[in-house]
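Quick notes on the structure that follows.
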Amino acid sequence: MRDCLRIFLLVLILTAAATHAVAADAPDAASDAPDTGDGAAVQSQSSGGSVLSSLLAAKLYAQAALDVQNLSQQYEGELDKAGFYKLLNPQRLSSDPDLSKGKAIVARSRSLARTYRGKSYDLLAQGQSQITALDTDEETRARLSAAWERRRPEAKAQVAEAWKLEDAVIDRMADLVDFLADRKGAWHVRGQTLSFDRSADVDTYRRLCDASNKAMQAEDDFQAEARSKAFKQLLELAR
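Counting in our numbering, the sequence shown runs from 192 upward without gaps.
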């Protein structure tokens, strides 16, 4: 339904965004300094600092990528273990006619989303501490830190939007579970097919499925845009 990097990709993207542009953010030392005849030397020092900052930004990006992947895999694994990805599987439904197990799966999935939402914010907050821990000079560290602080509000807002979309996916699946629970005895599983006694129930079920698919598509679109942004920023880091 979603790939391994899903929600937490935003943390990775915005960690990179916070640091990759430090050269552009920094004042132009050569233009601001008085003309002493050493302009070339000053320019060289400025360029060297920019290169160092870019290299350190790339290091932060790589570390964030690893952290993001690990956290994402944990979340995906726990959702799978909870049964979320098989919630509407016909075989599972046939053994859960009152949907009591299905409702428990939804509750567990919501709890996992809350837990990992908190972990993703914790991961985002580590950006500043990772910069502080870098083995570099104070000036470079200060430039990276300032760039990060300027972009952190945007990062937090986009991570919040990502989780809003994830919550919508779970909510729409919950709507389907609630509908089947309300129509207990009016639907049946025959082989791998879910059938209903009333055509009106078929229409309602299809409508709810459409809403669920739209929620997942909205999340997929968000992630596609995030991947595109991440790729562009990775190229910028490599310059």
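The C-beta atom is built at its ideal place from N, Cα and C for all residues, glycine as well.
For residue j and residue i, believed in contact at Cβ under 8 Å, the rounded distance
i	j	result
Ala304	Asp373	The Cβ separation is near 24 Å, so there is no contact.
Leu367	Leu335	Their Cβ separation, rounded to whole angstroms, is 46 Å, which puts Leu367 and Leu335 out of contact at 8 Å.
Gln135	Gln321	There is no way to answer for residue 135, as the model of the chain reaches only from 192 to 430.
Ser300	Leu279	The Cβ separation is near 13 Å, so there is no contact.
Among the options, nearest to residue i - alpha-carbon criterion
i	options	result
Ala295	Arg363, Thr395, Gly274, Arg389	Gly274
Met251	Ser390, Ala391, Asp326	One detail in the question is off: residue 251 reads as Leu in this sequence, not Met. The shortest Cα separation from Leu251 among Ser390, Ala391, Asp326 belongs to Asp326.
Gly293	Ile361, Lys405, Glu329	Ile361
Arg389	Gln265, Lys375, Gln349, Cys400	Lys375
Gly309	Lys347, Trp339, Thr323, Asp366	Lys347
Ala406	Glu352, Trp339, Lys423	Glu352
Arg343	Glu330, Asp328, Gln319	Gln319
Tyr396	Gly268, Ala377, Ala417	Ala377
Tyr307	Gln265, Leu257, Phe387, Asp411	Gln265
Leu448	Glu267, Leu314, Ala402	Here the chain has residues from 192 to 430 only, and residue 448 is not among them.
Glu340	Gly268, Thr323, Arg418	Thr323
Ala316	Ala402, Asp411, Glu345, Asn404	Glu345
Asp369	Arg283, Gly382, Leu290	Leu290
Gly382	Asn404, Glu330, Arg283	Arg283
Trp354	Asp401, Glu410, Ala333, Glu329	Glu410
Test item: CB-CB of residue i and residue j under 8 Å
i	j	result
Val393	Ser285	no
Ser302	Leu262	no
Val297	Met364	yes
Leu356	Phe413	yes
Thr384	Pro281	yes
beta-carbon residue i near the ligand COA non-hydrogen atom, thresh 7 Å
i	result
Phe275	With respect to the ligand COA, the structure offers nothing, as it holds no ligand at all.
Practice task
At 4 residues or longer, and completely inside the segment 273-336: list those alpha helix (DSSP H) runs for me, N to C.
Solution key: 281-285, 291-323
Practice task
With a floor of 4 residues, list each alpha helix (DSSP H) that falls wholly inside the segment 342-373, ordered by position along the chain.
Solution key: none
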